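Undergrad: The structure that follows is given in the form of structure tokens.
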Amino acid sequence: IEQVAWCEMTDEQKGVYRQILEEGRKQVSELSGKESGGRDRIAVLTVLMRLRQACCHLGLLPQNGKTWTEPSGKMEYFLDRLEEAISGGHRMLVFSQFVSLLKLVQAELNRRKVQHCYLDGGTADRAGEVDRFQRNQDIPVFLISLKAGGTGLNLTGADTVIHFDPWWNPAVEEQATARAHRIGQNKIVSSYKLIARDTVEEKIVRLQERKRDLFRGTLVSEEDFVRGLSWQELQELLE
Numbered sequence: 021i022e023q024v025a026w027c028e029m030t031d032e033q034k035g036v037y038r039q040i041l042e043e044g045r046k047q048v049s050e051l052s053g054k055e056s057g058g059r060d061r062i063a064v065l066t067v068l069m070r071l072r073q074a075c076c077h078l079g080l081l082p083q084n085g086k087t088w089t090e091p092s093g094k095m096e097y098f099l100d101r102l103e104e105a106i107s108g109g110h111r112m113l114v115f116s117q118f119v120s121l122l123k124l125v126q127a128e129l130n131r132r133k134v135q136h137c138y139l140d141g142g143t144a145d146r147a148g149e150v151d152r153f154q155r156n157q158d159i160p161v162f163l164i165s166l167k168a169g170g171t172g173l174n175l176t177g178a179d180t181v182i183h184f185d186p187w188w189n190p191a192v193e194e195q196a197t198a199r200a201h202r203i204g205q206n207k208i209v210s211s212y213k214l215i216a217r218d219t220v221e222e223k224i225v226r227l228q229e230r231k232r233d234l235f236r237g238t239l240v241s242e243e244d245f246v247r248g249l250s251w252q253e254l255q256e257l258l259e
């Protein structure tokens, strides 16, 4: 079962998001009328990255000495789902493309004394973490970097998958979800894609469908995906 979970950003997030969007549009429009040698696309890419970080958690943005009181609507949603999962005897995989976001989630789990496994590109003993999760029913959460653990792992100990942020290519998300669908899974697997309402993430989901066949199954980088978009499509992402 796959579904989109629409998440409301906090008021703080909305304010920061709007500011990034307005400044980004201005910067891109200043470049677009000139011979920018590709700098306009780089500018769009930078703005998109900042917007997507703001959708997830304000702690992903450069701090500039700020402390946030309500940094993430998605985190609130996730923590609610986590409580339900634990009380219902479910176990979950949590994927994100942002390692810094996984670290923030990990800090929340530590604060709540929730046992968990963790895997990103820097994890030395990948097999050990996978084995620990598969063998130990008391560990309800496995945090996984999409790039490091989206393929090749067998994680049938989980029956719930959370995608904290949408990747440009939906096939990559599907491959990650399939970690829980492997042989030996005897439960129904539920997958939730967290999307911040009224943001660039909504547009990415629509783009995913339009471009699905173009990138089938490959973990394209953000740069490659953006290179495959027309200037008009790029502009639409910032509308």
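Each residue of the sequence shown is one higher than the one before, starting from 21 at the first, in the numbering used here. All residues carry an ideal CB built from backbone N, CA and C; glycine is no exception. Note that the structure is a prediction, hence the values are computed from the model and not measured.
Would a C-beta distance cut-off of 8 angstroms place residue 136 and residue 126 closer than the cut-off?
TA: Your numbering for residue 136 matches position 116 in the sequence shown. Your numbering for residue 126 matches position 106 in the sequence shown. Yes, the pair counts as a contact, with Cβ atoms nearer than the cut-off.
Undergrad: Tell me the DSSP bridge mates of residue 26?
TA: For this step, residue 26 is matched to residue 6 along the sequence shown. In DSSP, residue 26 forms a bridge with 215.
Undergrad: Tell me the DSSP secondary structure of residue 249 in three-state form.
TA: Position 229 of the sequence shown, counting from 1, holds the residue named residue 249. Three-state DSSP puts residue 249 in coil, outside helix and strand.
Undergrad: Could you check whether residue 180 and residue 205 sit closer than 8 angstroms to each other, using their CB atoms as the reference points?
TA: Working through the sequence shown from its first residue, we reach residue 205 at position 185. Working through the sequence shown from its first residue, we reach residue 180 at position 160. Not a contact, by the Cβ cut-off of 8 angstroms.
Undergrad: Cα separation between residue 43 and residue 152?
TA: Here residue 43 refers to the residue found at position 23 of the sequence shown. Here residue 152 refers to the residue found at position 132 of the sequence shown. Their Cα atoms are separated by approximately 46 angstroms.
Undergrad: Would you call the CB atoms of residue 25 and residue 254 closer than 8 angstroms?
TA: In the sequence shown, residue 25 corresponds to position 5, counting from 1. In the sequence shown, residue 254 corresponds to position 234, counting from 1. No.
Undergrad: Using DSSP with H/G/I as helix, E/B as strand and the rest coil, what is residue 106?
TA: As a first step, residue 106 is located in the sequence shown; it is residue number 86 there, counting from the start. Here residue 106 sits in helix by DSSP.
Undergrad: What residue range does the beta strand (DSSP E) around residue 134 cover?
TA: As a working note, residue 134 is residue 114 in the sequence shown. Premise fails: residue 134 is in no beta strand (DSSP E) and is neither H nor E.
Undergrad: Out of 36, 37, 64, state which residue places its alpha-carbon closest to the alpha-carbon of residue 47.
TA: Counting from one through the sequence shown, the residue named residue 47 turns up at place 27. Checked all of 36, 37, 64; the closest Cα to residue 47 is 64.
Undergrad: Apply the 10 Å Cβ neighbour rule to residue 252 and answer buried if 16 or more other Cβ atoms are within range, or exposed otherwise.
TA: The count along the sequence shown starts at 1 and reaches residue 252 at position 232. It is exposed - the Cβ of residue 252 has fewer than 16 other Cβ atoms within 10 Å.
Undergrad: If you draw a straight line from the alpha carbon of residue 97 to that of residue 243, how long is it in whole angstroms?
TA: Reading the sequence shown from its first residue, position 77 is the one you call residue 97. Reading the sequence shown from its first residue, position 223 is the one you call residue 243. Their Cα atoms are separated by approximately 30 angstroms.
Undergrad: Tell me which residue opens and which closes the beta strand (DSSP E) that residue 163 is part of.
TA: Locating residue 163 in the sequence shown gives position 143, where the first residue counts as 1. That run of the beta strand (DSSP E) goes 161–165.
Undergrad: Using three-state DSSP, classify residue 98 as helix, strand or coil.
TA: Here residue 98 corresponds to residue number 78 of the sequence shown, with the count starting at 1. Three-state result, residue 98: helix.
Undergrad: Helix, strand or coil for residue 51? Go by DSSP, reduced to three states.
TA: The residue labelled residue 51 in the question sits at position 31 within the sequence shown. Correct three-state label for residue 51: helix.
Undergrad: Taking just the CA atoms, how far does residue 81 sit from residue 160?
TA: Within the sequence shown, numbered from 1, the residue matching residue 160 stands at position 140. Within the sequence shown, numbered from 1, the residue matching residue 81 stands at position 61. C-alpha separation (whole angstroms): 29 angstroms.
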